[in-house]
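Since the structure comes first, as structure tokens, the remarks are kept for the end.
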Amino acid sequence: MYTFITDSGFDLPRNLKLPYDIKILPLRVFVNEKEYEDKVSISSQELYNLELQGYIPTTSLPKPEIIEKTIRESAEESEEVFIITISSKLSNTYDLVKNIATSMNLKNVHVLDSKTACIKQGYVILRAMEQVKNTGKLTQTDMDRFERESLLAFFVPTLEYLYKGGRIGKAKALIGRVLNLKPILTTDSDGEVSALGTVRSMDSAILTIQNIVNKFIESQKIIDDYTVIGAYTIDNMKTYFEKLIGPYRKGLIGVTNIGSAIAAHVGPEAFGIVIGKGVHLE
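The working numbering numbers the first residue of the sequence shown as 1088 and each following residue consecutively.
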């Protein structure tokens, strides 16, 4: 028996049938002096609504006692436990989980860095499950390969939330605001947020992302076998998302909302996709 653990920085469609159990370590979200557990005591929509009211959320790591309890129970129940965290360059979750797991000295627990977040973290978890199903093994080298063989592209109309969350500098946020530049973002091979380009309109964002995705499909030689996961935030982002996803529906395995811990940093308006080598779990 194998068990997977991840933090709530990942997003996956709810209706996916997974071959293994996945336990979630909730990141903490703070809004208006209240503490919430992501995906437990606050939903995505509740977080979007608070942001639209003008609140600026912050996030923090999962509680250490929850991490230790989840690891211990999983290690007792399972032959092998694979913990896949949000990028270590975006959060200290990996370091915290690694330190706790090491102190517990459990030989069947493996802590791995997804080097990404959101739906790409979800995609990497699917690839990891496929790998374990086929081989029973999973290493950081595998994780790095899954990251390279997939592309995350998401659009946010404003850089303000990324700036206030400490993910970009003040200068970039100021330039974006003054020039009305809207970023198309990704996570790079180091696991950091980086820009794929900038645009001035939603329609330009869609066309630019599609061009980037098409080049990726060609470079990876996956035109006949790719997997796509989509995500968006508030309802008025869905129209733009539907336009974006149109050419790639043959590989689409599902759509989800962007989780509250991620939305705390990208804001209430965002949409994007992850595309990568085809995942076959059945």
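Don't be surprised by glycine CBs; every beta carbon is placed ideally from N, CA and C. Quantities reported herein were computed from a predicted structural model and do not represent experimental measurements.
Counted within 10 angstroms of its Cβ, other Cβ atoms place residue i as buried (16 or more) or exposed
i       : result
Asn1344 : buried
Met1088 : exposed
Gln1227 : exposed
His1367 : exposed
Pro1106 : exposed
Thr1274 : buried
Glu1166 : exposed
Thr1189 : exposed
Gly1223 : exposed
Proximity below 7 Å, CB of residue i to CB of residue j
i       : j       : result
Ala1054 : Gly1096 : This structure cannot settle anything about residue 1054, because the visible part of the chain is limited to 1088 through 1369.
Pro1113 : Lys1126 : yes
Leu1134 : Ala1350 : yes
Phe1092 : Lys1110 : Checking the sequence shown, residue 1092 turns out to be Ile, not Phe. Contact flag set, yes.
Val1184 : Ile1154 : yes
Residue i versus residue j: straight-line alpha-carbon distance, rounded
i       : j       : result
Thr1362 : Thr1285 : Residue 1362 is actually Ile in this sequence, not Thr. The straight-line gap from Cα to Cα measures roughly 20 Å.
Ala1215 : Asp1108 : 13 Å
Ile1170 : Pro1355 : 29 Å
Leu1213 : Thr1090 : 13 Å
Glu1138 : Pro1144 : 7 Å
Pro1270 : Glu1160 : 42 Å
Glu1164 : Lys1330 : 44 Å
Asp1098 : Gln1307 : 24 Å
Ile1296 : Arg1115 : 31 Å
Start-to-end residues for the beta strand (DSSP E) that takes in residue i
i       : result
Lys1364 : Phe1358 to Lys1364
Lys1269 : Lys1269 to Thr1274
Val1280 : Val1280 to Val1286
For residue i, the first and last residue of its enclosing alpha helix (DSSP H)
i       : result
Leu1139 : Ser1131 to Leu1139
Asn1301 : Met1289 to Gln1307
(message) Restricting to runs no shorter than 3 residues, where is the beta strand (DSSP E) found entirely within the segment 1151 to 1223?
(response) As far as the segment 1151 to 1223 is concerned, its whole beta strand (DSSP E) runs of at least 3 residues are 1167 to 1172 and 1196 to 1200.
(request) For the segment 1088 to 1125, list the beta strand (DSSP E) runs that are entirely contained and at least 3 residues long, ordered along the chain. (result) 1089 to 1094, 1108 to 1112, 1115 to 1118 and 1121 to 1124
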